[in-house]
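A quick write-up on the structure given underneath.
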Amino acid sequence: MKKLIAYYSRAGENYFSGARRTIAVGNTEKAARLLAELTGAELFHIEQKAPYSDNYDACVAEARRDLRANARPELMVLPERLDDYEEIYLGYPNYCGTMPMAVYTFLEHYDWQGKTIHPFCTNEGSGLS
Numbered sequence: 001m002k003k004l005i006a007y008y009s010r011a012g013e014n015y016f017s018g019a020r021r022t023i024a025v026g027n028t029e030k031a032a033r034l035l036a037e038l039t040g041a042e043l044f045h046i047e048q049k050a051p052y053s054d055n056y057d058a059c060v061a062e063a064r065r066d067l068r069a070n071a072r073p074e075l076m077v078l079p080e081r082l083d084d085y086e087e088i089y090l091g092y093p094n095y096c097g098t099m100p101m102a103v104y105t106f107l108e109h110y111d112w113q114g115k116t117i118h119p120f121c122t123n124e125g126s127g128l129s
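In UniProt numbering, the protein residues as written are 1 to 129.
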């Protein structure tokens with residue numbers, strides 16, 4: 001059976017050790033690419049149709065708004081089916097102590113019975129709820 005790495009990642013202005021800097025590739029995507037090299041798994045990027053702002057403060061405000069609303073942002077594309085995958089690695093950054101709401105959209109779209117999910121989370125200092 002095949003393996004899939006589904007990940008949500010954010011480039012743009014990010015927070016690093018008390019400072020902000022702009023990055024071309026998000027940290028979760030970097031981790032997902034490394035994991036793909038190690039496992040041979042295929043990659044799938046979970047992307048919102050209406051992405052959050054590249055500005056860090058605006059992105060935080062948008063993510064908090066979606067969390068409070070329990071939103072399920074529409075995704076650019078979803079794999080038609082996951083039947084061929086036995087193991088799913090699920091990567092995401094820590095947003096407001098949880099997963100980005102787009103990851104919930106992804107998870108709620110499929111029947112996960114018989115699948116093994118290996119979550120991995122990136123963050124820059126904030127904890128999980």
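Glycine included, each C-beta is placed from N, C-alpha and C at the ideal position.
Exercise. Buried or exposed: M76, going by 16 or more other Cβ atoms within 10 Å of its Cβ?
Worked result: M76 should be labelled exposed.
Exercise. Where do the N-terminal and C-terminal ends of the beta strand (DSSP E) with E124 fall, by residue?
Worked result: For E124, no beta strand (DSSP E) encloses it, and the DSSP letter there is neither H nor E.
Problem set entry | Which of helix, strand or coil DSSP assigns to E29 | Here E29 carries a helix assignment [DSSP, helix/strand/coil].
Exercise. According to DSSP, which residues form a beta bridge with L90?
Worked result: The partner list for L90 (beta bridge, DSSP) reads A6, P119.
For this session: Quick one: residues in its chain with C-beta nearer than 8 Å to the C-beta of T116, no 5 flanking neighbours on either side, listed in chain order?
Result: Only E86, E87, I88 meet the Cβ criterion.
Exercise. Alpha carbon to alpha carbon, how far is V60 from Y52?
Worked result: Cα to Cα, V60 sits roughly 9 Å from Y52.
Exercise. Are D54 and E29 touching if we call contact CB-CB under 9 Å?
Worked result: Result no, Cβ atoms of D54 and E29 do not sit closer than 9 Å.
For this session: Go through its chain and collect everything with a Cβ distance to A50's Cβ below 8 Å, but skip five positions before and after it.
Result: Here the set comprises P73, E74.
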